[in-house]
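Protein chains in written order, with the numbering used here: chain P, 1 to 449; chain X, 450 to 721.
Just so it is clear, CB atoms sit at the ideal spot from N, CA and C, and this is done for glycine as well.
Structure record follows, encoded as structure tokens.
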Amino acid sequence: MKSLIRFLSSVKLAIFLIIIITAASMIGTFIPQLRSAEEYGALYGQLSELLIRLEITDLYHSWWFIALLFLFSLNIVICTLTRLAAKFRRAFKPNLEFENQTLLAAKIQDRFSRKGNLEKSEGELKKGLRSAHYKIKETRKEAEVHLLARKKILGIFGSDIVHLGLLVILIGGIISGFSGFRTNINISEGEIVPVLGADFKLQLDKFETEYHPNGSVKDWKSTLTVMEDDNPRLTKTIEVNHPLTYKGYVFYQSSYGWDWQNPTLEIWAIKTSDPSSQKNAFVRLGEKVIWDEENLEFKALQFLPDFIIDGNQPRTRSLNPNNPAVFIEVYRGEDKISSGWIFAKFPDFSQMHSEEEADYKFEFKDIQTSQYSGIQMAKDPGVNYIWVGCTLLMIGLFLAFYWPPRDIRLILMEKEGKTEIISAGRSAKSKLALESEFKRIMVSFRRSQ
Amino acid sequence: MNESTLFLITFAVYFIAAFFYFVFLFSKKESAAKTGLSVVTVGFFVHTLALIWRTIESGHAPFTNMYESLSFLAWSGALAYIIIEYKYNIRKAGPYLMLIIIGIMALASSPLMPDEAAPLMPALQSYWLWLHVSVTLLGEAFFAVAFVTSIMYLVADSREKKGVAKEGAITAEKLDSISYRCVAVGFPLFTLGGLVFGMVWAYKAWGSYWSWDPKETWSLITWFVFALYLHTRIVMGWKGRRSALIAIIGFLAALFTYFGVNYLLAGLHSYA
């Protein structure tokens, strides 16, 4: 048990773990994560099976990486705890038993006599030290007074607070990993959707896209209302970087798109020999339009936002309206006389197949549809731990680097009506600054006699 | 007069400063180094004006694409160098640091770097852009100074061991302690800007404070390398050669986080 603790508390283990975790993290950035087995096969051939078996394909969530992090946390805890007892003693029950020789052997030290009895010297010395913000502990025996003047003592706990912060962050990460969830929903204006695991629903009142003058997207804004038992509770307009938070759930603006299920299509039918004879129609898919003057009927059957021919089959390349196309059929009475694709962006390039000589053409003018808003719903109970951990981390770093503890040990002895003073300064992290401060205090003390 | 003119003037002034530093390096005339420092300081002020100009012109923080962030990195490097030079008198590092700064400026002005002040995409419209990027790059600038002084340490150390160290040359011991001080300034800044502010912003913008995105992972790697530097030094008493090597690796990791990830690995941080 003892040797186990010694092993877990060693800095060498910490360094070993840091190196291993760093190396593993690097591997995870070079080998693409969370792809399909086929992709790995194509990339790494024979090796891919091994990579998948060792979970290198989802490295940061693999059992061995988490085990490493766990061991690392344990190492941090035990390292910190084993050093803490001694630090507490140093901070709160410092040793006031020091010898003349120890002080005189220090790098920063001073020895001199001054007029006046011990009491007077002690009083003035304390005043000088206190005005330099030192806190003083003292002990007396016979004709000797020992003083320990210290400042910025909290600095010795800097690294411990950093470690505590790291632990809190790791704990927060574990909580996020186990009980946090995240999901994307697409929601159209007016729609109400339930929120997974929550007792409220979410309604999208309004969605709009703002553009820069050059046409690029400036922002997406969704006005959301939280509905509880059909009563609106809270309305807020969210945009990228400004989410809505309610009962531990956070709703982010993450994407947007168009609802192509039920668009309104603007189709113009034009008589070729007399373009003044037109029928402009706004239709939904499947709706029949009657063009009385020409004794024709037509309807739109299929719509594709980003038309492409893929192996003789038309399909859509994406959900963006890059090349909107609609398939229409034309009837005279019961007979289908023509059908084919027409394109909004290429009005002259229609693919109509006619049974008879056609004196009409169709143009696809416009599409109207609602945009939906892509919203990420997240609940992450670990996140508060993260912020607490980060705060501790920064406080600890500040203390460790910019709050260097210093102390001055002094022995005062009364000898033949004079006071002899031996003093020594000590600071692991700010020797130079302490040295000049030490000199200043001692010089002004000597002058004051 | 516009921002790119100011940028060019800055570039030229840094060149002149480097020239003076090299005169100092070869002639050993202290006065040349002093002139160099004043010239860098002038360059720094012109550079500051250029950055302010850019901010006003574009209406957003001056580090939203590669050109801008490189220019800002050079600015941070000049600032870090001026601070360290005034505080510790490391004139010998001047020529090398000026070369790095000029290199960054040259990279920024290369035609490969997109430099048009494009309107910001939605995810970047946040004051966290300022906090996250500026504090991170400032921290990295101090790592850059530590990188240079560490390399100088390695040279000075091998010279001293061979007994060919020049009279009045800066001692290896001093270089070692300056490297440490730079890391001691850079590390908290990098932690705050790169990791803490990064996590806060990621949480606000992407809904997740940590996603193991390559840039996130590489800044963690950089952080780990410098944590290693501090632990081996403070707890195990490593100094000198080994410390210098870790500081060099740490800065290279920071560089990879900055450039390599953008060009070699894909991820959420696809803007800059």
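Exercise for review: Determine whether the Cβ of Y720 of chain X lies closer than 8 Å to any Cβ atom of chain P.
Suggested key: One-based indexing of the second sequence puts residue 720 of chain X at position 271. A caution first: Y720 of chain X carries a pLDDT of 46, below 50, which makes its placement in the model unreliable, though a value can still be read off. No, its Cβ sits nowhere closer than 8 Å to a Cβ of chain P.
Check your understanding: In chain order, which continuous runs of the beta strand (DSSP E) of length 3 or greater are located wholly inside the segment 280-318 of chain P?
Key -> 288-291, 296-304, 307-310, 313-316
Review point. Going by the C-beta, is V283 of chain P closer than 7 Å to any heavy atom of the ligand FMN?
Key: This structure simply doesn't include the ligand FMN, nor any ligand for that matter.
Check your understanding: Any idea what DSSP makes of K345 of chain P, helix, strand or coil?
Key -> Taking the first sequence and counting its residues from 1, one reaches residue 345 of chain P at position 345. Looking at K345 of chain P - three-state DSSP - the assignment turns out to be coil, as it is neither helix nor strand.
Point to revise | the segment 172-191 of chain P: positions lying closer than 9 Å to chain X by Cβ | key: G172, G173, S176, G180, R182
Check your understanding: In chain P, which residues lie with their C-beta within 8 Å of the C-beta of Y530 of chain X?
Key -> Residue 530 of chain X sits at position 81 when you count from the first residue of the second sequence. What Y530 of chain X touches in chain P: nothing, since even the nearest Cβ is about 20 Å away.
**Study point:** Rounded distance between the beta-carbons of L679 of chain X and V636 of chain X, thought under 8 Å
**Key:** On the second sequence, position 187 is the one that residue 636 of chain X refers to. On the second sequence, position 230 is the one that residue 679 of chain X refers to. Sequence check: residue 636 of chain X is Phe here, not Val. Correct: roughly 7 Å between the Cβ atoms.
Review point. Thinking just about the alpha-carbon of each residue, which of P:S339, P:L319, P:T29, P:D335 is nearest to the one in E328 of chain P?
Key: Here residue 328 of chain P is taken as the residue at index 328 of the first sequence, counted from 1. Correcting the residue identity first, residue 328 of chain P is Ile in this sequence and not Glu. Checking every option, the nearest Cα to that of I328 of chain P belongs to P:S339.
Point to revise | Of the listed residues P:A132, P:A24, P:E119, nearest to S444 of chain P (C-alpha basis) | key: As a working note, residue 444 of chain P is residue 444 in the first sequence. Here the closest residue by C-alpha is P:A132.
Check your understanding: T722 of chain X by DSSP, collapsed to three states: which one?
Key -> Coverage of chain X is limited to positions 450 through 721, which leaves residue 722 of chain X absent and any answer about it impossible.
Practice item. Using a cut-off of 9 Å between C-beta atoms, extract the partners of I18 of chain P located in chain X. Key: Here the question's residue 18 of chain P lines up with position 18 in the first sequence. Under the 9 Å cutoff, chain X gives F673, V674, A676, L677, H680.
Point to revise | DSSP three-state assignment for F708 of chain X, whether helix, strand or coil | key: Start at 1 with the first residue of the second sequence, and residue 708 of chain X comes out as number 259. The answer is helix: DSSP assigns F708 of chain X an H, G or I state.
Review point. How do the segment 455-470 of chain X and the segment 492-503 of chain X stand: do at least 3 beta-carbon pairs fall below 8 Å, yes or no?
Key: yes
Check your understanding: If you follow the alpha helix (DSSP H) that G475 of chain P is part of, which residue opens it and which one closes it?
Key -> Limits of chain P in this structure are 1 at one end and 449 at the other, which puts residue 475 of chain P out of reach.
Practice item. With M601 of chain X as the anchor, note down where its alpha helix (DSSP H) starts and where it stops. Key: For the purposes of this step, residue 601 of chain X is identified with residue 152 of the second sequence, where counting begins at 1. 576-611 is the span of the alpha helix (DSSP H), which, as asked, contains M601 of chain X.
**Study point:** Beta-bridge partners of K336 of chain P, as assigned by DSSP
**Key:** Along the first sequence, read from residue 1 onward, the residue named residue 336 of chain P stands at position 336. DSSP lists P:Y331 as partners of K336 of chain P.
Check your understanding: Going along the chain, which residues of its own chain have a beta-carbon closer than 7 Å to the beta-carbon of G128 of chain P, five neighbours each way excluded?
Key -> By 1-based counting over the first sequence, the position of residue 128 of chain P is 128. Cβ within range, chain order: I441, S444, F445.
Review point. Cα separation between K688 of chain X and K623 of chain X?
Key: Indexing the second sequence from 1 puts residue 688 of chain X at position 239. Indexing the second sequence from 1 puts residue 623 of chain X at position 174. Whole-angstrom Cα-Cα distance: 12 Å.
Review point. For Q46 of chain P, which three-state DSSP category applies?
Key: In the first sequence, residue 46 of chain P corresponds to position 46, counting from 1. Q46 of chain P falls in the coil class under three-state DSSP.
Check your understanding: Considering only the beta carbon of each residue, do W672 of chain X and F639 of chain X sit closer than 8 Å?
Key -> Residue numbering aside, residue 672 of chain X sits at position 223 when the second sequence is read from its first letter. Residue numbering aside, residue 639 of chain X sits at position 190 when the second sequence is read from its first letter. Contact flag set, yes.
Review point. Hey, Y530 of chain X and V495 of chain X are a contact pair by Cβ (cut 8 Å); roughly how many whole angstroms apart?
Key: Position 81 of the second sequence, counted from the first residue, corresponds to residue 530 of chain X. Position 46 of the second sequence, counted from the first residue, corresponds to residue 495 of chain X. In fact, because the Cβ distance is near 16 Å, the residues do not count as touching under 8 Å.
Exercise for review: Note down, in chain order, all residues in the segment 391-403 of chain P with a beta-carbon under 9 Å from any beta-carbon belonging to chain X.
Suggested key: T391, L393, M394, L397, F398, A400, F401, Y402
Exercise for review: Kindly list the residues whose CB is nearer than 6 Å to the CB of M352 of chain P, restricted to its own chain and excluding five residues on each side of it in sequence; keep chain order.
Suggested key: Position 352 of the first sequence, counting from 1, holds the residue named residue 352 of chain P. Contacts found: S338, G340.
Point to revise | Close Cβ partners of I550 of chain X (< 7 Å) along its chain, the five nearest in sequence each way excluded | key: Here residue 550 of chain X corresponds to residue number 101 of the second sequence, with the count starting at 1. Correct list, in chain order: Y463, A523, G526, A527.
**Study point:** C-alpha gap between V77 of chain P and I19 of chain P, whole angstroms
**Key:** Residue numbering aside, residue 77 of chain P sits at position 77 when the first sequence is read from its first letter. Residue numbering aside, residue 19 of chain P sits at position 19 when the first sequence is read from its first letter. So the two alpha carbons sit approximately 18 Å from each other.
**Study point:** Validate contact between the segment 200-210 of chain P and the segment 415-435 of chain P using beta carbons, cut 8 Å, 3 pairs
**Key:** no
Review point. Do G543 of chain X and A482 of chain X have their C-beta atoms within less than 8 Å of each other?
Key: Residue numbering aside, residue 543 of chain X sits at position 94 when the second sequence is read from its first letter. Residue numbering aside, residue 482 of chain X sits at position 33 when the second sequence is read from its first letter. For G543 of chain X and A482 of chain X, yes; Cβs fall inside 8 Å.
**Study point:** Limits of the unbroken alpha helix (DSSP H) element including I156 of chain P
**Key:** The residue you call residue 156 of chain P lines up with position 156 of the first sequence. Taken as a continuous stretch (DSSP letters only), I156 of chain P belongs to no alpha helix (DSSP H), as it is neither H nor E.
Check your understanding: So which of X:L586, X:D625, X:G642 has the shortest CA-CA distance to M515 of chain X?
Key -> Position 66 of the second sequence, counting from 1, holds the residue named residue 515 of chain X. Of the candidates X:L586, X:D625, X:G642, the one whose C-alpha sits nearest the C-alpha of M515 of chain X is X:L586.
Check your understanding: If we call anything under 8 Å between Cβ atoms a contact, is T598 of chain X one with T29 of chain P?
Key -> Numbered from its first residue, the second sequence carries residue 598 of chain X at position 149. Numbered from its first residue, the first sequence carries residue 29 of chain P at position 29. No, the pair does not count as a contact, with Cβ atoms beyond the cut-off.
Check your understanding: Would Y629 of chain X count as contacting chain P if we go by Cβ distances under 8 Å?
Key -> For the purposes of this step, residue 629 of chain X is taken as the residue at position 180 of the second sequence. Not closer than 8 Å to any Cβ of chain P, the Cβ of Y629 of chain X fails to qualify, so no.
Exercise for review: May I have the straight-line CA-CA distance separating Y720 of chain X from S159 of chain P, to the nearest angstrom?
Suggested key: Reading the second sequence from its first residue, position 271 is the one you call residue 720 of chain X. Reading the first sequence from its first residue, position 159 is the one you call residue 159 of chain P. In this predicted model, Y720 of chain X has a pLDDT of only 46, less than 50, meaning its place in the structure is not dependable enough to derive any value.
Review point. Candidates X:F493, X:R682, X:I539: which alpha carbon is nearest E479 of chain X's?
Key: Taking the first residue of the second sequence as position 1, residue 479 of chain X is located at position 30. Looking at the Cα atoms, X:I539 is the closest of the given residues.
**Study point:** Chain-ordered neighbours of W220 of chain P on chain X, where CB pairs are closer than 8 Å
**Key:** As a first step, residue 220 of chain P is located in the first sequence; it is residue number 220 there, counting from the start. The answer, in chain order, is P571.
Review point. What are the start and end residues of the alpha helix (DSSP H) that includes P637 of chain X?
Key: Residue 637 of chain X sits at position 188 when you count from the first residue of the second sequence. Here the alpha helix (DSSP H) through P637 of chain X covers 621-639.
Practice item. Check whether the segment 393-409 of chain P touches the segment 184-201 of chain P, taking contact to mean three or more Cβ pairs, one atom from each stretch, closer than 8 Å. Key: no
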